[in-house]
Amino acid sequence: MPAPETIRLYGTISHHQVIILVDGGSTHNFIQSHLASFLHLTQVPTAAMRVMIGNGSTIDCDTKCPEVPILVQGHTFLVDLFQLPIGGADIVLGVQWLKQLGLITTDYSSLTMRFTYENQPIALRADVPIHPSPASVSYTHLTLPTTPYV
Numbered sequence: 699m700p701a702p703e704t705i706r707l708y709g710t711i712s713h714h715q716v717i718i719l720v721d722g723g724s725t726h727n728f729i730q731s732h733l734a735s736f737l738h739l740t741q742v743p744t745a746a747m748r749v750m751i752g753n754g755s756t757i758d759c760d761t762k763c764p765e766v767p768i769l770v771q772g773h774t775f776l777v778d779l780f781q782l783p784i785g786g787a788d789i790v791l792g793v794q795w796l797k798q799l800g801l802i803t804t805d806y807s808s809l810t811m812r813f814t815y816e817n818q819p820i821a822l823r824a825d826v827p828i829h830p831s832p833a834s835v836s837y838t839h840l841t842l843p844t845t846p847y848v
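Counted the way the numbering used here counts, the sequence shown spans residues 699 to 848.
Below, the structure written as structure tokens:
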């Protein structure tokens, strides 16, 4: 479940909107495996890497998408993305990306991060809603079966 203290951003890859989680606790950058295929990103084999996820289990990763251009709030970043079956976001940008930005000022009360990238001052603000918007289906119009399914 997304927490209110996380920085989640909308981004664009190949004219498709993606949800990005900025995660300083993640060593690398990751993309959902099926999204990499859907976007027809270049996929190259890489040395196997064992990734420990939040619940303590591990997943092996052996494919990356090199130098993927991600447009975020008017700024383009070239990012290497390792493929993993992740959930909760389409992309995770970790320390691998953050260290390219140099000095970063992060304000978790306003969910903003400021840094200089390619000699340009940049301020990114979390813009993905914490809670999903309500479904557009009106539950008052649904008819439930009177007999259980077999």
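We put the CB at the ideal spot given by N, CA and C, even for glycine.
Per-residue DSSP class, three states only, for residue i
i: Gln794; result: helix
i: Leu801; result: coil
i: Ala821; result: strand
i: Gly786; result: coil
i: Thr845; result: In this prediction, Thr845 scores a pLDDT of 39, lower than 50, which makes its location untrustworthy; the coordinate-derived value is nonetheless stated afterwards. It is coil, neither helix nor strand.
i: Ser807; result: coil
i: Thr704; result: coil
i: His713; result: coil
Proximity winner among the options, relative to residue i (alpha-carbon distances)
i: Ser807; options: Ile820, Ala824, Gly800; result: Ala824
i: Leu769; options: Glu703, Val716, Thr704, Arg706; result: Val716
i: Leu733; options: Ser712, Ile751, Met747, Ser724; result: Ser712
i: His714; options: Asp758, Asn817, Phe736; result: Phe736
i: Glu816; options: Phe775, Gln730, Gly709; result: Phe775
Residues near residue i by beta carbon distance below 7 Å, same chain, minus five either side
i: Pro743; result: Asp760, Thr761
i: His726; result: Phe780, Gly792, Gln794
i: Leu796; result: Gly722, Ile802
i: Thr740; result: Cys763, Pro764
i: Ile751; result: Ile757
Nonlocal neighbours in the same chain, by C-beta distance under 8 Å from residue i, ignoring five residues either side
i: Ala745; result: Asp760
i: His738; result: Ser712
Bridge partner(s) assigned by DSSP for residue i
i: Thr814; result: Pro819
Neighbourhood of residue i by C-beta, 6 Å cutoff - its chain only, sequence neighbours within 5 removed
i: Met811; result: Ile802, Thr804, Leu822
i: Ile705; result: Val720, Leu809, Ala824
i: Glu703; result: Tyr806
i: Phe728; result: Phe780, Leu782, Ile784, Val790
i: Gln730; result: Ile784, Asp788
i: Val777; result: Asn727, Val766, Ile768, Trp795
Please give me, in chain order, every unbroken run of the beta strand (DSSP E) with length at least 3 that falls completely inside the region 716-784. 728-730, 742-750, 756-770, 773-782
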